[in-house]
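Everything below concerns the one structure shown next.
Number of protein chains: 4
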Amino acid sequence: MAQLTFDSTKPFDFIGVGRLCIDLNANEIHRPMEETLTFTKYVGGSPANISIGMARLGMKTGFIGRVADDQMGRFIEQYLDKNGIDTSSVITDTNHSVTGLAFTEIKSPSDCSILMYRDNVADLYLEPQDIKEEYIKNSKALLISGTALSKSPSREAVFTTLHYARKHGTVVFFDIDYRPYSWTSEDETAIYYKLAAEKSDVIIGTREEFNLMERIDKRDEPNDWSTAKDWFKHEAKIVVIKHGDKGSISYTKNGQSFDSPVFPANVIKTFGAGDSYAAGFIYGLMKGWKLPEAMEFGSAAAAIVISSHSCSDAMPTADQIKEFIHDCNNGSQSIQKEGVQ
Amino acid sequence: MAQLTFDSTKPFDFIGVGRLCIDLNANEIHRPMEETLTFTKYVGGSPANISIGMARLGMKTGFIGRVADDQMGRFIEQYLDKNGIDTSSVITDTNHSVTGLAFTEIKSPSDCSILMYRDNVADLYLEPQDIKEEYIKNSKALLISGTALSKSPSREAVFTTLHYARKHGTVVFFDIDYRPYSWTSEDETAIYYKLAAEKSDVIIGTREEFNLMERIDKRDEPNDWSTAKDWFKHEAKIVVIKHGDKGSISYTKNGQSFDSPVFPANVIKTFGAGDSYAAGFIYGLMKGWKLPEAMEFGSAAAAIVISSHSCSDAMPTADQIKEFIHDCNNGSQSIQKEGVQ
Amino acid sequence: MAQLTFDSTKPFDFIGVGRLCIDLNANEIHRPMEETLTFTKYVGGSPANISIGMARLGMKTGFIGRVADDQMGRFIEQYLDKNGIDTSSVITDTNHSVTGLAFTEIKSPSDCSILMYRDNVADLYLEPQDIKEEYIKNSKALLISGTALSKSPSREAVFTTLHYARKHGTVVFFDIDYRPYSWTSEDETAIYYKLAAEKSDVIIGTREEFNLMERIDKRDEPNDWSTAKDWFKHEAKIVVIKHGDKGSISYTKNGQSFDSPVFPANVIKTFGAGDSYAAGFIYGLMKGWKLPEAMEFGSAAAAIVISSHSCSDAMPTADQIKEFIHDCNNGSQSIQKEGVQ
Amino acid sequence: MAQLTFDSTKPFDFIGVGRLCIDLNANEIHRPMEETLTFTKYVGGSPANISIGMARLGMKTGFIGRVADDQMGRFIEQYLDKNGIDTSSVITDTNHSVTGLAFTEIKSPSDCSILMYRDNVADLYLEPQDIKEEYIKNSKALLISGTALSKSPSREAVFTTLHYARKHGTVVFFDIDYRPYSWTSEDETAIYYKLAAEKSDVIIGTREEFNLMERIDKRDEPNDWSTAKDWFKHEAKIVVIKHGDKGSISYTKNGQSFDSPVFPANVIKTFGAGDSYAAGFIYGLMKGWKLPEAMEFGSAAAAIVISSHSCSDAMPTADQIKEFIHDCNNGSQSIQKEGVQ
């Protein structure tokens, strides 16, 4: 599994890039939000959650992003600091922006929705000038999230990041994380996702997200291997395609594929499943584990997070995940499937 | 005090026009918002608060405004319904707008601030076509709030309202309610405030707000009587100028002025003082009371609201206000000053 | 005809406010513009044309407006200077704006059209701060054009002008001059036209333009006297309603009405008819002539301009108009109708 | 010189993509534009000029672009038709856009400038959906111009074009053609130029334009060979760097470089030099000529165009260019320098 090479001489393990926002989670759940009276505040945003996850797992982590010049922005920066994340590249925006908000509505474990505030948000004011070549150069890996591509100047900041990452051998994880409300059209989305994916080492997305990128080619029927091979022609070594309830499959440039194991969970809400999976999975890959082991670690992390009220605040440590896997293996059974093309 | 004439044949007493939004009040108070973890949700927005106040006082009340097509918008409409406010002119906006938010921070009773979300808000999408001539014609009085003038098409909807109100003898209360973040410049603000104030019967604002309207004339020193007389040349009969801690003064077209009484209060926060004052004051005027009585009623309502956690939800009934005044008069003393020019 | 009072102690006779642009008139005419190969450049824009007309008639004239910081802007300012118009309030805009353009297409004398360039034009960047109270105070009369109301900040600059004009007794001529391409909606247009017309002494427009202002009242059938009386309730003393081929009618506050005479013309194009009419008509009113005389002077000026290739450059002197009227009266006959309500 | 491979089975030789606009050339030249009274209308825009040049040279040429729904737009489409260019992918825009304009000012042969109208122009409304995969597939070569990258959705339409071109082996010529007024920032420009250049076979630009693309890497001193090699790592086979008066140099992936010859010209204006050069140069490459021959052909075409009043209308035929070269070689001498790294 030597497809990804992490340069051990680099001081940082991991840098998250992009969205830093606030989750306001309904305290009174299992009802429509109209009937919710109080909300609890957490740090949110997919790359923020993953970075917090990586820090909890003991990785030396930094973040590149912009926060609003207000109480919400200061809360986010303080929370990252408390979690040991380097915030030297977290910039206080001065464009009179606000902090993105996500009010969560949990009608039932399987019926969850989010009410988003994404107008004039600080994270999309990230600029190319905010990206320091030295900072990128000094990290073994980084993660970009697709929402950061949805508007200028954040979009150009991401391409600047990708340029430096490729120049200096920093491994790029691309979490597609498609959120339609920030984009002008699906055509626009497809174009910039493709340009970013071409420069990424690991691409993670749902089957629908990969379909979106393929709309320009009007491919008749979605096919995971065809999709994966498109990206292996560029820089990708691993492509992870999520099939909802049916689980995720990882495809590798050398022709292997692996199914994700599934762990039992006492599901409170499904939010945060993807972010905790990503943290566990990337951690495993960076530890040099085989792909199935990394996937198992990600799945276990996800099972832990969806059983609790928050996303960021519930990110587990490595010991917690190991203990969880151990308990499951001695009790209920996880399922592991493996395939070769 | 026969300066205002309310047409008793009209079925509605009062219509609020403009902003409907959500207050998210910090539950853990007396600290910076960074340290607040949970928030409670209330209906907010100055004209919403005043209208709720009027309904609590037993007036037949309606509202003209737009709410977002989401859980917050539905919560607002349901809350108005529950308070007996006619919502036939409350329109669900379909411009992908959001509901305005106000997170309150209460560091101490005298150190309160608000973190506003006002980008792409539903209330500023109110359109001239939303204003039904018959609805305006059928109300004795209406209230417009200055924030509704800050952007098109809401601005034009307000001028449409004013046109119908003057045409049909509906008494216009204009609450200046200046919020700088929605405006492009102070010049722009001054121009539209002046155009609206020229068509209003009662104008209520702080000394600073009246100064803002006078910036175009570069008047040397603010003077309440000069200010009031400017507006008496147009449609105004009463001008209320608020001087912060020093209290409010009402000026009348026939040359009288009256100071507001001050009631003792166990202040939790200062938010909502102006809105509850306005509700009590307008109620008194509509009952045909003398100006000092109406002002006393407004002051008492304000004292009640600033002693509780919310604004809208704490609006008192007439009985509560009367009881409060009675209790105060038999205990601590309110002060009433009267002046004649 | 003592309805308008011009203060003879004021040094300036007339100030134009608003649009300064460039006409590019087809040299090869009587064909579609696709087949026109060369164009000749003139100063254009309704208030510019009228001001040039007033200056040619010997009136001491000034202009308030913004021009682009480019060759077209400099050409305009130089042309005004050459015509003796005071340009101390013509400001060079620094918003990277351009000069408005109007390419004229003359398929036949009765089939003319204009291709407009009105995006990001300098004239609509006129700001309230550009309006000097002293300059307005020092003029006997001024003219505002409806297009200047179509966008901020020019819209607010016009209302600032109107405020100073009313304050200092400067007579306001309002040329409605409706051009749909600059406006967001007809509702928006109607609102601001009404607010400006309420503060004007003389209102000039087509029947369709007055209908537009009345849309908010959904009046069943347009009626000139009803229209005129609406405005006489505010500041208007004269209302001129143009009925296309059927000519214009002037209505006065004291209940009189007068038809415009029609002069024979060797029509090249219809552009500029309204502007030259306005110049002649306003000149007559300012000379203290009776209304029919002023209207005849306007009609004669129009007949001269539509018989030549340009608008601004063809504006006649008083002697030219008088000679033209004299020639017509001794030859072909003008028609004068008069009515009293 | 077998670096570029043109697939002879494809029916089209060449497709231009992007800007179609109007040049308005001063008829009275050698003076400031303020003193110019008449202008002559021509089709303009760099890719339009090059495509017209290619058609004149006998190549089967098409164009992909949007024109305004007005007389200027129809004039452009008719002119392309007359020149034998396929306009099946020239779309009439319905966004109320206008046609871009370029007023030329020719103070002297060496002191020329352009006054641009680029707000709300039709060509920048080109959409990804306008790009037909089959049309790109059917052409041996295509040219994209950097201005088409300056705004959405035209920017995304260009990347769609590049995707299809690479997929189907259509040779991509990228004319950087940097025009600052359409861009938000130099950072933004650099990012998208780089992404497009990475997918191009031949990149043509000035030394300053290549510097702009390198700003992200803060390279100390511009160096042509370093620049060229950056692009040879991607898809480029030829990089042409223009050094103003000192002429252009072509660099090839196999390590050669060639200076452009210079032809004598009776210069009227410098506009159109680059476009005519590009047409002649691309024509030569597509004919399979050696690089120096293609460059000579381009230089001769440029010498012809700068000696005449227009750009598009002056594009020469192959016979005219050959005759010009022949005449020059028998009279004044062109200079050819060749270098090898």
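Protein chains in written order, with this note's numbering: chain A, 94 to 434; chain B, 94 to 434; chain C, 94 to 434; chain D, 94 to 434.
Glycine is no exception: its CB is placed at the ideal position from the N, C-alpha and C atoms.
- The Cβ of S245/D sits closer than 8 Å to at least one Cβ of chain A.
- The C-alpha of F196/D is placed about 15 Å away from the C-alpha of N118/C.
- The alpha carbon of W276/A has as its nearest neighbour, out of D294/A, L305/A and D223/A, the alpha carbon of L305/A.
- If you check each beta-carbon in the stretch 265-282 of chain D against every beta-carbon of chain A, the ones closer than 9 Å belong to T277, S278, D280 and E281.
- Among the residues of chain A, those whose CB is under 8 Å from the CB of L288/D are F252 and L288, following chain order.
- In the structure shown, R149/B adopts helical secondary structure according to DSSP, grouped into three states.
- Assigned with DSSP and collapsed to three states, F364/C falls in coil, not helix or strand.
- Of all residues in the stretch 199-212 of chain B, only L208, Y210 and D212 come within less than 7 Å of chain A when Cβ atoms are compared, listed by chain position.
- For E249/B, the chain C residues whose C-beta falls within less than 7 Å of its own C-beta are D280, E281 and I284, listed in chain order.
- Ranked by Cα distance from A358/A, the options D420/A, T320/A, Y285/A and E301/A are led by D420/A.
- Neighbourhood of H256/D in chain A, by CB distance below 9 Å: I284, K287, I309 and D310, in chain order.
- Contact note: D163/B reaches chain A through L208, using a C-beta cutoff of 8 Å and chain order.
- Straight-line spacing of the CA atoms in Y370/D and F390/D works out to 8 Å.
- Residues of chain B with a Cβ closer than 9 Å to the Cβ of Q171/A are, in chain order, E127.
- In the same chain as L113/D, and ignoring 5 residues on each side of it, the C-beta atoms closer than 6 Å to its own belong to G138, A141, G158, V160, I169 and D216, in chain order.
- Using a CB distance cut-off of 8 Å, F168/B counts as an interface residue toward chain A.
- The three-state reading of DSSP puts L97/C in coil, since its state is none of H, G, I, E or B.
- Chain-ordered, the chain C residues with CB closer than 9 Å to the CB of P221/B read S278, D280, E281, A283, I284 and I309.
- Pairing K200/D with V332/A, the inter-Cα distance amounts to about 60 Å.
- With fewer than three CB-CB distances shorter than 8 Å, the stretch 302-319 of chain B does not count as touching the stretch 405-413 of chain A.
- Against chain B, the CB of K134/A has a partner CB under 8 Å away; the residue lies at that interface.
- Interface annotation, L130/D: in contact with chain C, CB-CB separation under 8 Å.
- Proximity of V160/B to chain A, defined by a Cβ-Cβ separation below 8 Å, is not satisfied.
- The C-alpha of G155/D is placed about 27 Å away from the C-alpha of F417/D.
- Around the beta carbon of D116/C, 16 or more other beta carbons sit within 10 angstroms, so the residue counts as buried.
- For the pair of segments examined, the stretch 280-300 of chain A was found not to touch the stretch 118-131 of chain A: the number of CB pairs separated by less than 8 Å stays below three.
- Around the CB of D163/A, 16 or more other CB atoms lie within 10 Å, so the residue is classed as buried.
- By the Cβ rule, the stretch 121-135 of chain C does not count as touching the stretch 288-300 of chain C, because fewer than three pairs are nearer than 8 Å.
- No Cβ-Cβ contact shorter than 8 Å links E127/A with R211/B.
- Look at the beta carbons and you see the stretch 363-377 of chain B touching the stretch 393-408 of chain B: at least three pairs across the two are nearer than 8 Å.
- Closest in alpha carbon position to I207/A, among Q222/A, V264/A, P125/A and F105/A, is P125/A.
- For N422/D, not one C-beta of chain C is nearer than 8 Å to its own C-beta.
- Scanning the stretch 301-368 of chain D from its first residue to its last, the whole alpha helix (DSSP H) runs of 4-plus residues come out as 317-325.
- S243/D sits away from V214/D, with the two beta carbons spaced by 8 Å or more.
- With respect to the 8 Å criterion, K233/A and M379/A are classified as neighbours on the basis of their beta carbons.
- By the Cβ neighbour-count rule, P273/C is exposed, with fewer than 16 other Cβ atoms within 10 Å of its own.
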